[in-house]
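According to this note's numbering, the sequence shown is numbered sequentially starting from 72. Built from N, CA and C at the ideal position, the CB exists for glycine as well. Source: prediction; values computed, not measured.
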Amino acid sequence: MPSSLSHLRALCAAIALLFVFAHPAAAQLTFKPTAEAVQEDKLLNALKEGDKITGRVSIPDTMASSLIQPAGRDWRDFQRSTLPIIGGIAILGMLALLAIFLMVRGRIRVDHGFSGTKILRFASFERFTHWLTASCFIVLALSGLNISFGRILIMPLFGAQAFATMSGWAKIAHDYLAFPFMLGLAIMFLIWIKDNIPGKLDWQWLKQGGGILANGKHPPAKRFNAGQKGIFWIVIIGGTLMSVSGWYMLFPYLPGNVTALQFWTVIHAVIAMLFIAAMLAHIYIGSVGMEGAFDAMGTGEVDLNWAKEHHALWVAEEQAKGRAPSKDGTHAVPAE
Numbered sequence: 072m073p074s075s076l077s078h079l080r081a082l083c084a085a086i087a088l089l090f091v092f093a094h095p096a097a098a099q100l101t102f103k104p105t106a107e108a109v110q111e112d113k114l115l116n117a118l119k120e121g122d123k124i125t126g127r128v129s130i131p132d133t134m135a136s137s138l139i140q141p142a143g144r145d146w147r148d149f150q151r152s153t154l155p156i157i158g159g160i161a162i163l164g165m166l167a168l169l170a171i172f173l174m175v176r177g178r179i180r181v182d183h184g185f186s187g188t189k190i191l192r193f194a195s196f197e198r199f200t201h202w203l204t205a206s207c208f209i210v211l212a213l214s215g216l217n218i219s220f221g222r223i224l225i226m227p228l229f230g231a232q233a234f235a236t237m238s239g240w241a242k243i244a245h246d247y248l249a250f251p252f253m254l255g256l257a258i259m260f261l262i263w264i265k266d267n268i269p270g271k272l273d274w275q276w277l278k279q280g281g282g283i284l285a286n287g288k289h290p291p292a293k294r295f296n297a298g299q300k301g302i303f304w305i306v307i308i309g310g311t312l313m314s315v316s317g318w319y320m321l322f323p324y325l326p327g328n329v330t331a332l333q334f335w336t337v338i339h340a341v342i343a344m345l346f347i348a349a350m351l352a353h354i355y356i357g358s359v360g361m362e363g364a365f366d367a368m369g370t371g372e373v374d375l376n377w378a379k380e381h382h383a384l385w386v387a388e389e390q391a392k393g394r395a396p397s398k399d400g401t402h403a404v405p406a407e
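So this is what it looks like as structure tokens:
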């Protein structure tokens, strides 16, 4: 009897389920998964025509709706193959040129030796701005190069796990140090733009090779010579392009579409490689390449003989203002 009752209950439950699913209201809940699916031939035709295939998203970032973008393959190939070649040629080529220059020309010495008398070249705030920007740039450069060369050069040495951890921290450093770099860039432009306007003297300096190509006389220059002005404008223009493109990468919804974002990533990467190569030359001249040059951004004071050889007109201006010592070490009194 209990067994018959349990069988009856199971039969009633089965009939009830059958009734529910047979009811028109229940039928409305059913759906066909492939009814609105994109057909394969349509996908292939879209890819052949180079169109972007998108889906639907409910988040504010509309670029997330991109499913397939043929141009993305070109961007990926550029990042993986073309960009490392550009970077390798620019950076390794610059290092090779500097090595050859050092072997052929040697270190640029102070012709008349150090006088022992100092002249203030850069104030403390100027040096702070320089080192703020320079230190951020070094970290940005190394963390950025890790993207293109890290898997090839670093991961085999330290292993995948260590490389992943290092890359994670490198990305954080790259993202956050971009802001003080941009701040330093803006301050550098404001405090040094007045001394970096190109003039006739710069053309004469360039024609003589700045006196550094051979053991000749250094052409007269004001506070910044043509070479230093060139570095200044490379930093300002290159840094601005890096900042604008980097801003779009920090906030990827700003470009509005994936194609524009890919364009700015290419600009950012190419300018970065050329920027790093140029800064290697700047670092070389300011340290190993020229005797006494590092003092300008080290202590802020340079030897008077060094200043006269490289910036004679600037020294004369400073002496006329009473802000620089004369040859005997005394400060001139400015005319009334």
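Start-to-end residues for the beta strand (DSSP E) that takes in residue i
i: Leu191; result: 189–191
i: Val373; result: 372–374
Candidates the options, of which the one nearest residue i by Cα
i: His353; options: His201, Ala331, Lys278; result: His201
i: Ser45; options: Leu256, Phe234, Asp182, Ser186; result: With the chain covering only 72 through 407, there is no way to say anything about residue 45.
i: Trp276; options: Ile225, Gly369, Ala383; result: Ala383
i: Ala142; options: Pro291, Leu261, Val329; result: Val329
i: Gly215; options: Ile225, Gly230, Lys242; result: Lys242
i: Lys265; options: Lys278, Met344, Lys293, Gln279; result: Lys293
i: Asp182; options: Met313, Thr311, Glu380; result: Glu380
i: Asn267; options: Asp246, Tyr247, Val315, Ala297; result: Ala297
i: Leu154; options: Ala343, Phe295, Gln390; result: Ala343
i: Ser186; options: Gly280, Phe365, Val373; result: Val373
i: Thr370; options: Leu248, Arg222, Phe199; result: Phe199
i: Glu362; options: Gly177, Leu224, Leu261; result: Gly177
i: Trp335; options: Thr311, Met350, Leu351, Lys271; result: Thr311
i: Leu254; options: Pro290, Gly360, Gly221, Ser314; result: Ser314
i: Gln140; options: Ala331, Ala378, Asp366; result: Ala331
i: Trp377; options: Ser137, Ala135, Thr188; result: Thr188
i: Leu213; options: His245, Trp263, Arg144; result: His245
i: Ala340; options: Phe365, Gly158, Met226, Ile225; result: Gly158
i: Lys271; options: Leu261, Pro291, Ala364, Ile190; result: Pro291
i: Ile135; options: Ala367, Tyr324, Met368, Phe365; result: Per the sequence shown, the amino acid found at residue 135 is Ala instead of Ile. Of the candidates Ala367, Tyr324, Met368, Phe365, the one whose C-alpha sits nearest the C-alpha of Ala135 is Tyr324.
Cβ distance (whole Å) where residue i is taken to contact residue j below 8 Å
i: Val306; j: Met259; result: 7 Å
i: Ile160; j: Ile283; result: Contact flag wrong, Cβ pair sits at about 24 Å.
i: Val337; j: Phe149; result: 6 Å
i: Trp146; j: Gln333; result: 4 Å
i: Ala348; j: Ile162; result: 5 Å
i: Phe411; j: Gly309; result: Only positions 72 to 407 of the chain appear in the structure, and residue 411 is not among them; the question remains open.
i: Met433; j: Phe250; result: Outside the shown range of the chain, which is 72 to 407, sits residue 433, and nothing can be said about it.
i: Gly360; j: Leu173; result: 7 Å
i: Pro396; j: Ile262; result: Rounded, the Cβ-Cβ distance is 24 Å, inconsistent with contact.
Segment limits, alpha helix (DSSP H) that includes residue i
i: Asp273; result: 271–278
i: Phe234; result: 231–263
i: Ala194; result: Element bounds for Ala194: n/a, residue is neither H nor E.
i: Ala349; result: 329–355
i: Leu321; result: 297–321
i: Asp366; result: 366–369
i: Ala292; result: Element bounds for Ala292: n/a, residue is neither H nor E.
i: Gln390; result: 383–391
Exposure label - residue i; buried when at least 16 CB within 10 Å
i: Val128; result: exposed
i: Ala167; result: exposed
i: Tyr355; result: buried
i: Arg394; result: exposed
i: Pro131; result: exposed
i: Phe252; result: buried
i: Phe193; result: buried
i: Ala391; result: exposed
i: Glu389; result: buried
i: Val386; result: buried
i: Gly230; result: exposed
i: Leu228; result: exposed
i: Thr204; result: buried
i: Ala170; result: exposed
i: Gly317; result: buried
i: Ala98; result: Bear in mind that a pLDDT of 46 at Ala98, under 50, signals an unreliable position, so the number given afterwards is only what the model happens to contain. It is exposed - the Cβ of Ala98 has fewer than 16 other Cβ atoms within 10 Å.
i: Leu375; result: buried
i: Ala96; result: The predicted model places Ala96 with a pLDDT of 48, which falls under 50 and marks its position as unreliable; any figure quoted below should be read in that light. The residue in question, Ala96, is exposed, as its Cβ has fewer than 16 Cβ neighbours within 10 Å.
i: Ala235; result: exposed
i: Ala233; result: exposed
i: Trp274; result: exposed
Paired residues, beta bridge with residue i - DSSP
i: Ile209; result: For Ile209, which the question treats as bridged, DSSP gives no partner whatsoever.
i: Met361; result: Ile179
Short CB-CB distance (under 8 Å) between residue i and chain C
i: Ser152; result: Absent here is chain C; the protein component of the structure consists of one chain.
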